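K.L.:
Under the numbering used here, think of the first position of the sequence shown as 71, with each following residue one higher.
For each residue, glycine too, the CB sits at the ideal point set by N, CA and C.
Here the structure is a predicted model, which means the values were calculated and not measured.
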Amino acid sequence: MKKNLLSILCISILTLSVFSCKDKAKEAVTSEAEAVTMVEAAAIEYTVNTDASSIAWKGFKPTGEHFGTISLKNGSINLKDGKITAGNFIIDMGSIVVDDIPAEEKSNAKLVGHLSNSDFFDVEKFPTATFEITGVTENDGKTLLSGNLTLKEATNNVTFPISVINEGDTVTLESETFTIDRTKWNVQYGSKSIFDNLGDKFINDDIELKVSLKATK
71 MKKNLLSILC ISILTLSVFS CKDKAKEAVT SEAEAVTMVE AAAIEYTVNT DASSIAWKGF
131 KPTGEHFGTI SLKNGSINLK DGKITAGNFI IDMGSIVVDD IPAEEKSNAK LVGHLSNSDF
191 FDVEKFPTAT FEITGVTEND GKTLLSGNLT LKEATNNVTF PISVINEGDT VTLESETFTI
251 DRTKWNVQYG SKSIFDNLGD KFINDDIELK VSLKATK
């Protein structure tokens, strides 16, 4: 009986480990801020369609996860010969939406308020975040976008894989799902890497993101 119980326990732990590893997106390469790329004279500017663009987010804790979207306030991409050469985006931090809790439930508004207050993104003090492109490279058949992400007065350079489709007057940019360590941008609430004695009340440092963006001439 003990052997059977031990076998079941081992299988359960192994299954959970495999599932967790499979589900976790790769962390974006993060480094110090870099010089922003300058707009070339021959480049064509595309203006971001904010209604058709968003950033999907997901946060994790031992008891589950929350997810939703954040909108862009404005932005532009510059292309030359069909390739991205420069660009910048303003992220509207006041547009945080929670999708895993029905909008009519009080807990939805409570979570949005918690994410918006000084514990997390302090939207009243920091209503926007910015992303400024610093480079685009190719590696192992993938296009990698690098840029300075500024959030709560902290700036770090992040690099993540993207796909770009240029059709007529429209450019569609989609990132792969990636994660960032929120503590590098001064978002420290519930982080067990910052605070001791949290027990199982901690919140993972990793925030999962996926960028979906459309822009037109």
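1) Only counting the same chain, and skipping five residues up and downstream in sequence, which positions put a Cβ closer than 6 angstroms to that of residue 262?
2) Taking the alpha-carbon of residue 290 as reference, which of 245, 287 and 264 has the nearest alpha-carbon?
3) Quick one: residues in its chain with C-beta nearer than 8 angstroms to the C-beta of residue 135, no 5 flanking neighbours on either side, listed in chain order?
4) Do residue 148 and residue 157 have their C-beta atoms closer together than 8 angstroms?
5) Find the nearest neighbour of residue 276 within the set 286, 213, 260 and 160, judged by alpha-carbon distance.
6) Less than 8 angstroms between the C-beta atoms of residue 119 and residue 224, yes or no?
7) In chain order, what residues of the same chain lie with their CB nearer than 8 angstroms to the CB of residue 84, ignoring the 5 residues before and after it?
8) Give the C-beta separation of residue 139 and residue 122 to the nearest angstrom, bearing in mind that I take them to be a contact with Cβ-Cβ under 8 angstroms.
9) Is the beta carbon of residue 201 sitting closer than 8 angstroms to the one on residue 159?
10) In whole angstroms, give me the CA-to-CA distance for residue 213 and residue 177.
11) Distance, Cα to Cα, residue 252 vs residue 258?
12) Exposed or buried, what is residue 233 when buried is set at 16 or more other beta-carbons lying within 10 Å of its beta-carbon?
13) Can you tell me whether DSSP reads residue 279 as helix, strand or coil?
14) Which ranges does the beta strand (DSSP E) cover as unbroken runs of at least 3 residues, wholly within the region 111-198, from first to last along the chain?
15) Residue 254 by DSSP, collapsed to three states: which one?
16) Would you list, in sequence order, the uninterrupted beta strand (DSSP E) runs of no fewer than 3 residues that lie entirely inside the region 198-251?
17) Roughly how many whole angstroms lie between the Cα atoms of residue 195 and residue 107?
18) Inspect the beta-carbon positions of residue 203 and residue 154 and report whether they are closer than 8 angstroms.
19) Ignore the nearest five residues each way along the sequence and tell me which others in residue 215's own chain have a CB closer than 6 angstroms to its CB.
20) Between residue 250 and residue 100, which are expected to be in contact by the criterion C-beta below 8 angstroms, what is the C-beta distance as a whole number of angstroms?
21) Could you spell out where the beta strand (DSSP E) holding residue 296 opens and where it closes?
22) Determine, using beta carbons only, whether residue 227 and residue 95 come nearer to each other than 8 angstroms.
P.N.:
Taking the geometry as given:
1) 268 and 272
2) One cannot answer for residue 290 here, as it falls past the ends of the chain, which runs 71 to 287.
3) 128, 129 and 170
4) yes
5) 260
6) no
7) Bear in mind that the predicted position of residue 84 carries a pLDDT of just 36, short of 50, making it unreliable; the figure below should be weighed with that in mind. Cβ within range, chain order: n/a, list empty.
8) Rounded, the Cβ-Cβ distance is 12 angstroms, inconsistent with contact.
9) yes
10) 39 angstroms
11) 7 angstroms
12) exposed
13) strand
14) 114-118, 124-131, 134-150 and 153-168
15) helix
16) 198-209, 212-221, 224-237, 240-245 and 248-251
17) 28 angstroms
18) yes
19) 206 and 232
20) 7 angstroms
21) Residue 296 is absent from the model: the chain starts at 71 and stops at 287.
22) no
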